[in-house]
Every structure is written in C-alpha cells, then in structure tokens.
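Line order of the protein sequences matches chains E and U.
Once you know that position 115 of the first sequence is 114 in numbering that gives the first Met the number 0, the rest is easy, because the numbers rise by one and skip nothing.
Once you know that position 48 of the second sequence is 47 in numbering that gives the first Met the number 0, the rest is easy, because the numbers rise by one and skip nothing.
Please read the structure below before turning to the comments.
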Amino acid sequence: MTAVALAATEPKRRAAGNGDAVLGVLLVTPIILTMFALVFFPLGQTVWDSLHRINPMQAGTPFIGVTNYTKMLSDADLGHAWVNTLIYVAAAVVLETVFGVLAAALVNQVRVGRQWLLAAVILPWALPAVVNAVIWLWIYQPGAGLLNGLLTSVGLPFENHVWFNERTSAIAAVLVVHVWRMMPLTVVIVLAAMQTIPEHLYEAARIDGATRPQMFFSITLPLVRSAIAVAVTNATVAAFNLFDEAVVVNSSSLDTRPVVVQIYLETFQNLHFSYGMALSLVLTVISILVSAVFVVRLYNSTRLE
Amino acid sequence: MMKQSFGFRIVIWLGVALLLLWSLGPIYWTLASSVTPTADFSARPIHFFPQHFTLDHFERLLGINVDRIGGVQVWAQFRAALFNSIVAALAATVLCVAVSALGGYAFTRLNFPGRKALFYAVVATLAVPGYAVLIPLYRIMTGTHMVDTFLGITLIYVSAYLPLTLWLMRSVFEQLPVSLEEAAQIDGAGRLYIFFRIVLPLVGPGLTAAAILTFLGAWGQYLVPLVFSPTQTKPLTVLIPEFATKNFIDYGLITAAGSIAIVVPALVVIFLNRYLVTGLLAGSVK
Numbered sequence: 000m001t002a003v004a005l006a007a008t009e010p011k012r013r014a015a016g017n018g019d020a021v022l023g024v025l026l027v028t029p030i031i032l033t034m035f036a037l038v039f040f041p042l043g044q045t046v047w048d049s050l051h052r053i054n055p056m057q058a059g060t061p062f063i064g065v066t067n068y069t070k071m072l073s074d075a076d077l078g079h080a081w082v083n084t085l086i087y088v089a090a091a092v093v094l095e096t097v098f099g100v101l102a103a104a105l106v107n108q109v110r111v112g113r114q115w116l117l118a119a120v121i122l123p124w125a126l127p128a129v130v131n132a133v134i135w136l137w138i139y140q141p142g143a144g145l146l147n148g149l150l151t152s153v154g155l156p157f158e159n160h161v162w163f164n165e166r167t168s169a170i171a172a173v174l175v176v177h178v179w180r181m182m183p184l185t186v187v188i189v190l191a192a193m194q195t196i197p198e199h200l201y202e203a204a205r206i207d208g209a210t211r212p213q214m215f216f217s218i219t220l221p222l223v224r225s226a227i228a229v230a231v232t233n234a235t236v237a238a239f240n241l242f243d244e245a246v247v248v249n250s251s252s253l254d255t256r257p258v259v260v261q262i263y264l265e266t267f268q269n270l271h272f273s274y275g276m277a278l279s280l281v282l283t284v285i286s287i288l289v290s291a292v293f294v295v296r297l298y299n300s301t302r303l304e
Numbered sequence: 000m001m002k003q004s005f006g007f008r009i010v011i012w013l014g015v016a017l018l019l020l021w022s023l024g025p026i027y028w029t030l031a032s033s034v035t036p037t038a039d040f041s042a043r044p045i046h047f048f049p050q051h052f053t054l055d056h057f058e059r060l061l062g063i064n065v066d067r068i069g070g071v072q073v074w075a076q077f078r079a080a081l082f083n084s085i086v087a088a089l090a091a092t093v094l095c096v097a098v099s100a101l102g103g104y105a106f107t108r109l110n111f112p113g114r115k116a117l118f119y120a121v122v123a124t125l126a127v128p129g130y131a132v133l134i135p136l137y138r139i140m141t142g143t144h145m146v147d148t149f150l151g152i153t154l155i156y157v158s159a160y161l162p163l164t165l166w167l168m169r170s171v172f173e174q175l176p177v178s179l180e181e182a183a184q185i186d187g188a189g190r191l192y193i194f195f196r197i198v199l200p201l202v203g204p205g206l207t208a209a210a211i212l213t214f215l216g217a218w219g220q221y222l223v224p225l226v227f228s229p230t231q232t233k234p235l236t237v238l239i240p241e242f243a244t245k246n247f248i249d250y251g252l253i254t255a256a257g258s259i260a261i262v263v264p265a266l267v268v269i270f271l272n273r274y275l276v277t278g279l280l281a282g283s284v285k
C-alpha cells in the first residue's frame, strides 16, 4: 500500500522539485538584490578603492597600492585612537563578562518575578545608544549631575568636578555608558546556558558537601563556558565598533576618540575617502581576529580544568 | 530546587537591589529630571526626588503653548523626528521580516542551486560592521538620489538586519516537522499555499522575535542616519544629541526627549521580553 502510494507520488514530486527550484530562486531574489547592491558590492568597492587615492578635493583617482595602509603607521591621531579603542575593548570585555556572569548567576537564583528582573536588566540594551549616552551625560554634569550629587552627599568634594577634564576619568565615563548598554546581552546569553544545567548535578554536589562557591566554580562555570565564549565575541565586536557613546558624551575629543570616530572624521570631515576605507577594513579584520583569538584561548583555558 | 538559607537569601536580595539600581537608576533619573522644573536644577545639594512636578519640558518639546525656544521651533523638529523614527523603523521591520520569512523558508525547504553558499554568504556579513561599507554606500545613495529619503534609509536597514533575521527565521523553519507540509503536498496543495496557510501561522513567535530585533535596531541607529538621513528624514537619535551639543543646552528638554525615546523600547522589553530573549539567543549563538 505504502509502496504503491510512494510510486504514484514519485513523478509528481520530481515535477514539484523543479517548480520548487524556480520558486526558491524567486523567493530569495529580494535577498540577493539587497545584499549585492548594499553589502557585497560596496564591500568589494571598499577593498578596491582603499588601493586608490580618492579625495573629492583632488582630481583623479590614481592607483596608489598600499600607501593608504602604510600611511596609518605614521598617523599620530590614529595611534591615539587605537590606544583608546584597545582600552575600551579590554576593559569592556572584562567588565561585561565578570559582572555579566555574576548577574546571570544572581538572576538564576531568583524564583519570584524572574522575568520582571530580566526585563529590567535588558532595558538599557534596548534603548538607542545615543539616548543611553544622553542619560549618562546628564548624570556626569558637573553642577546638577547625579554622580557629583551622590559623591557630595557622602561628604566628598566633588560638587563641581568635571569628569572630562582628565583622560582617565573621561575614558572611564565613556566605558561605563558602553558597559551599561552591552552587559545585558552577556547576561541573557549566559543565563540561558545556566538554565539548561540539570538540577541533579547540584543535588549530587550538595550531598558531597560542596559549598555554593564550590558549586559555582566546579559546575556552573565549566558548563556555561561556550556561552561565555559567545558573549565575549559579541562584547569584543561591540567594543571595537564603539561610536555613539563616545561622540555624544565627549564629542570627538582626542582623549576618548575611538577608531570608528577617527574613520568618520577622516572620511566626512577631511574627505580622505580611500584612507577612511582602508582604515575601516583594518578595523573590521582586527575585530574579527581578536574575537576569534578570545574564543580559542577561553576554550583552551577552561577545557584544561 | 535547593533550599536557600536565610543568609544566602539576604545576599541574593542585596545583589538584586544592586542590579536593579544599576539598570534602572539612570532611567529613573532621566524620568525624574524630565518632570523637574528648570529652576530646581540649580538647587545644591541636588534632590534625588523631584521636589516640584511640572510638565513644562514636555509642553515645550511638543509645542503646547510654546512656539519657539531660542528662536527655534523645537516642537516642529521633534514631531518630525519622532514621525521619521517611527516610519523608518516600521518600514524596515515589515520589509525585513517579510523578505527573511519568504527567503528563510526557501533556504530551508526549497532546493535550488547554490542554496547553501548563498545562505552562508549572507549570514557571514554579520561580521561586517556598517562603517566598512559606509562610503561606497554613500556614493550609491547619492548616485541614485536616495540620500535623505525613507526608501534609502529603509533599504540600508534591511541590508543590515537581513542576515540576522534570515538566520533566525531559518532556524525557526528547521524546527518545524516536515511531515505536516508533506501531508499537504500529497493532498495537492501548492508551495505558497502551504507557506501562507500552514507554515506561517506556526512561526508567529519567530516572526515576532525577528521583528523586535529589527525594530529596536533601526530605532536606535545613529551613525547610519547621521550620514543618510541628515535633514528631511532625520530621526530622534540624530535630533536628541543636537539638543545637547547645539548652542543652548537645555537639560529639561533633553531628558523629556530621552524619556519619550525610552517609551517604545521599554514597552517592547516589558511586553515582548520572551520573544526578545529568544531572538537574542538565536542571533548571538552563531
């Protein structure tokens, strides 16, 4: 009976298979068009143009090889921006991971109203980055700001302290805004992994007399390490791409300027189009490489334990 | 679940309090400041709770009884920006979800040459940040006269969020049992009929997650509209920082505008949190 039915549908299926192919191509055509016109083609052009001199203020677009790339090595402002970006990346990844994992473990212990707590934790991530930045800009305000108000209320002489007068505190200020926005993502990713850990593992550990910190380090942490790796990758790429917070909080000041802001200035202020393109390619490649290295190292170091 | 000792519970509640303070404190401060009269901003020491309540900032922002602030029609700018934000984010969401639902279905269920290669090529662009294509994109948009148009900015958002929503939708379709569709096929139903009548009603949560991620992403964009939507289609995200950097710095206005920009994402997070978390996880676990 089944064999007969199968034999009967076989030619029909093959005909449908052909129709499927046509329909399939039709359905993905909008994707092909959009992605080629607005991503693949521009990306190819970025690579190609970065090897030319393209500047609306100068006639012609001669081929100049890797000059745009070698120029970067002697660009002092860019060097400064790189230092800033690397500080943002290192600090953001460490802070978001350490506090994100702790926050996830905390939320995982809450039994009543957990989804409300999670909603509150996610909220900063859901807001536009510039709104986050404006919120914190108001908090950092020298006179009426909340931060100085809090410090003054506990008796510290901070009433008119300006946080952006000094590089260290200016960078820290931008960093806090970024961590405030991106840490929720780490919490969500790690919490989801924690919720899949079977309860009986903890029961067994408890019977063996393990303390809660011991359970955290010997059960929870090893079992969420791949989730942590994913979270670290996301945090790394996000920190390399930091733009909105720095621009809104401290404009394009050299003290806090990350590489993406440098690209923006070179391109739209100095109109060094092809130099900006070369820069954006270097930043993209480095951000992908660094996040890959983080993942591999984290994986190796946790596997040995 | 393990029994929690009293001391342990104290630690948990302290941690929760700290976490809530960190997450919601800045938002509280913005909302509180937006209903504080300007005169109270100069009080020292500052008050952590508003001493007087006013809707003055919102009235000025929305042009109720006030026409110009410092010679500028702020309310006209604000209303236009709010409108622009809503239009661009909604258009991008609808288009992105529609295209990725149809495409995601094709990538999962319909066999056509180059299917796998194309899918991975599109998803791989998740690793390409927007600024890497910004300049050629600017030339394309200028060449086609789409700078500062809704069509232009919407298409850019779609190209930016399509890889993520496509990835999400394909994983949703993959989880559906094929048997249902095969049964319909044997009954003689066409592919599109199956897609719209049988498959689509089953993937509501996936569509919602894709829509939320696109909407929040497009709603919060700054660098892209700064370049591609500078005047006519300028969204809230480009307007609000201008309040803080232009000649008059009016924190009442800034916090009121910020509060309004917070409302939409806050509603999404409160009411659609489950779908948002699903989407975030599908999107991040690559």
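Beta carbons are placed, not taken as given, at the ideal position from N, Cα and C, and that holds for glycine.
If we define contact as Cβ-Cβ less than 8 Å, is residue i a contact residue for chain E?
i: Asn83/U; result: no
i: Thr254/U; result: yes
i: Val157/U; result: yes
i: Arg169/U; result: no
i: Tyr274/U; result: no
i: Ile193/U; result: no
i: Gly26/U; result: A quick correction: the sequence has Ile, not Gly, at residue 26/U. Yes - at least one Cβ of chain E is within 8 Å of the one on Ile26/U.
Please tell me whether residue i and residue j are closer than 8 Å, where the distance is taken between their beta carbons.
i: Glu244/E; j: Val176/E; result: yes
i: Thr33/E; j: Val157/U; result: yes
i: Leu150/U; j: Ala119/E; result: no
i: Ala126/U; j: Ile287/E; result: yes
i: Glu95/E; j: Val229/E; result: no
i: Leu190/E; j: Val65/E; result: no
i: Thr236/U; j: Val129/E; result: yes
i: Asn83/E; j: Arg256/E; result: yes
i: Leu42/E; j: Val132/U; result: yes
i: Phe215/E; j: Ala104/E; result: yes
Using a Cβ-Cβ distance cut-off of 8 Å, determine whether residue i contacts chain U.
i: Pro127/E; result: yes
i: Gly275/E; result: yes
i: Leu122/E; result: yes
i: Ala172/E; result: no
i: Asn67/E; result: no
i: Pro10/E; result: Residue placement at Pro10/E is poorly supported in this model, since its pLDDT is 46, which falls under 50; the coordinates are not used for a value here.
i: Met29/E; result: The question names Met, yet the displayed sequence has Pro at residue 29/E. Output row for Pro29/E: interface = yes.
i: Ala6/E; result: Here the model assigns Ala6/E a pLDDT of 45, short of 50, so the residue's position is not dependable and the matter cannot be decided.
i: Val130/E; result: yes
i: Ile189/E; result: The question names Ile, but residue 189/E in the sequence shown is Val. False, the Cβ-Cβ gap to chain U never drops below 8 Å.
i: Asn240/E; result: yes
i: Trp137/E; result: yes
Just to confirm the assignment, what range does the alpha helix (DSSP H) spanning residue i have?
i: Phe227/U; result: 222 to 227
i: Arg196/U; result: No alpha helix (DSSP H) contains Arg196/U, which DSSP labels as neither H nor E.
i: Leu145/E; result: 145 to 152
i: Asn64/U; result: Premise fails: Asn64/U is in no alpha helix (DSSP H) and is neither H nor E.
i: Val202/U; result: Unbroken run through Val202/U: none, as it is neither H nor E.
i: Thr219/E; result: Here Thr219/E belongs to no alpha helix (DSSP H), and DSSP marks it neither H nor E.
Return helix, strand or coil for residue i, following the three-state DSSP convention.
i: Phe157/E; result: coil
i: His56/U; result: helix
i: His79/E; result: helix
i: His51/E; result: strand
i: Phe111/U; result: coil
i: Phe62/E; result: strand
i: Gln50/U; result: coil
i: Pro36/U; result: coil
i: Leu270/E; result: coil
i: Thr148/U; result: coil
i: Met56/E; result: coil
i: Gly129/U; result: helix
i: Phe40/E; result: helix
i: Ile248/U; result: coil
i: Glu244/E; result: helix
i: Trp124/E; result: helix
i: Leu83/U; result: Leu is not the amino acid found at residue 83/U; the sequence shown has Asn there. Three-state DSSP puts Asn83/U in a helix.
i: Gly99/E; result: helix
i: Asn233/E; result: helix
For the pair the segment 91 to 101 of chain U and the segment 128 to 146 of chain U, tell me if three or more CB-CB distances fall below 8 Å. no
Determine, using beta-carbon pairs with one atom in the segment 140 to 148 of chain E and one in the segment 160 to 169 of chain E, whether at least three such pairs fall under 8 Å. yes
I want to know whether the segment 78 to 90 of chain E touches the segment 4 to 19 of chain U - three or more CB-CB distances under 8 Å. no
I want to know whether the segment 243 to 263 of chain E touches the segment 199 to 214 of chain U - three or more CB-CB distances under 8 Å. no
If you pair each beta-carbon of the segment 109 to 117 of chain U with each one of the segment 168 to 184 of chain U, do three or more pairs fall below 8 Å? no
Quick one: any contact between the segment 154 to 171 of chain U and the segment 48 to 68 of chain U, if contact means 3 or more CB pairs under 8 Å? no
For the segment 194 to 202 of chain U against the segment 252 to 269 of chain U, are there 3 or more C-beta pairs whose distance is under 8 Å? no
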